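Asks: Dumping the structure here so I can ask a few things about it.
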Amino acid sequence: MKKILFLILSAIFVFSGFLNIPNNVVLAQDCQRDVLILMYHSVLKSKKGDYIISPDDLKSDLLWLKNHGYESIFVSEIIDYCEGKGDLPEKSVAITFDDGHYNNFYYAKPIFEVMNFKATINIVGAYTEYSTNSGDIDNPNYSHLTWNEIKELQQNEHFEIGNHTYNMHSLKPRYGIAKTQGENSELYRKHLCEDVGRLEKCFQDKCGFTTNIFAYPFGKYSNESYEILSSLGFKAFLTCNEGINHLIKGENAKLKELKRYNRSGLFTTEAFFKKIKIS
Ligand SMILES: [Zn+2]
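Right, dumping it as structure tokens:
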């Protein structure tokens, strides 16, 4: 009888060793993060749309995220994490704004400062050049950020800047950065490098920084565009594919196609997060 009891106790002891496996699981969980990335565009009081949100709704989004335990991070922190550096909060959200509207500066900046949130703003160089040169600036309804405002944002701890092409933000004749019909690989590489490089040069000359974050206009991309942009030094690529980013520390493959949810301004905060099934 004692022998049987001894065998049972031994078995429990041996298996309890196996039950210690959770150590590995804990380690694994610590090395992966599900990261939410949101995509905004314009912020306006006067109208709402799929790409225009009101300042009140923007503020309410940030409040919702904060109340649900989210901490805001930069896209550059995602790069670091995927390169094995630093850490990310368990509930991380990266907020992005595309196209470089002046209203991001006018309406969003004060909200992000007060709420202590971070955002990555992706600039279209030609829009900024036009606003800067026309002198018709600082109108929330239609102006884009000037080079000086971009410089100021990059120096602000709540913002960082990404590249959204200099002038490849059209549907025709080229659909975003897609190859045009009949364009061979060599020409395509030349056109893409010249355009994107031109914005990097503007950032460098007029604002004193460069970026390695790229947002695909209209979410158009290919393996070829990825290869070309990577060769220019870009590391994080923001798509318009919707979903959560399952990141593993030290694995940079996910940086190639970061998913984002477009935040249409036509929903309330609650309805939007319910729609994308985030809690
Ligand atoms: Zn855009």
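What the sequence shown shows, in our numbering, is residues 130 to 408, in sequence order. Even for Gly, the Cβ is constructed at its ideal location relative to N, Cα and C. Since the structure is predicted, the reported quantities are computational estimates derived from the model, not experimental observations.
1) Could you check whether Leu358 and Phe347 sit closer than 8 angstroms to each other, using their CB atoms as the reference points?
2) Please identify the residue among Ala382, Ile252, Cys160 and Val164 whose C-alpha is closest to the C-alpha of Asn352.
3) Quick check: does the Cβ of His298 come within less than 7 angstroms of any heavy atom belonging to ligand 1?
4) Who does Met244 pair with in a DSSP beta bridge?
5) With a cut-off of 8 angstroms, do at least 3 Cβ pairs link the segment 160 to 172 to the segment 184 to 204?
6) Tell me whether Asn233 is buried or exposed, calling it buried when 16 or more other Cβ atoms sit within 10 Å of its Cβ.
7) For Gly291, write down the residues that DSSP places opposite it in a beta bridge.
8) Please determine if the segment 373 to 380 and the segment 211 to 231 are in contact, where contact requires at least 3 C-beta pairs separated by less than 8 angstroms.
9) Going by the beta-carbon positions, is the gap between Tyr231 and Pro184 smaller than 8 angstroms?
10) Within the chosen definition, does the segment 331 to 341 reach the segment 302 to 321 through at least 3 CB pairs nearer than 8 angstroms?
11) Once DSSP output is grouped into helix, strand and coil, what is the label at Gln161?
12) Report the residue from Asp209, Tyr199 and Leu274 whose alpha carbon sits nearest the alpha carbon of Asp228.
13) Could you check whether the Cβ of Asp185 sits closer than 7 angstroms to any heavy atom belonging to ligand 1?
14) Rounded to whole angstroms, what's the CA-CA distance from Gln284 to Gly311? Just pull it up for me.
15) Tell me whether Pro346, by its Cβ, gets closer than 7 angstroms to a heavy atom of ligand 1.
16) Just the C-alpha distance for Glu385 and Tyr355, rounded to the nearest angstrom, thanks.
17) Pull up the CB-CB distance for Thr294 and Val253, whole angstroms please, since I reckon it's below 8 angstroms.
18) For Leu395, tell me which candidate among Cys160, Gln161, His170 and Gly178 has the shortest Cα-Cα distance.
Replies: Well, looking at it:
1) no
2) Ala382
3) yes
4) DSSP, once it has assigned bridges, lists no residue as partnering Met244.
5) yes
6) buried
7) Asn251
8) yes
9) no
10) no
11) strand
12) Leu274
13) no
14) 42 angstroms
15) yes
16) A small correction: the amino acid at residue 385 is Lys; Glu does not occupy that position in the sequence shown. For Lys385 and Tyr355, the distance between alpha carbons rounds to 7 angstroms.
17) 6 angstroms
18) Gly178
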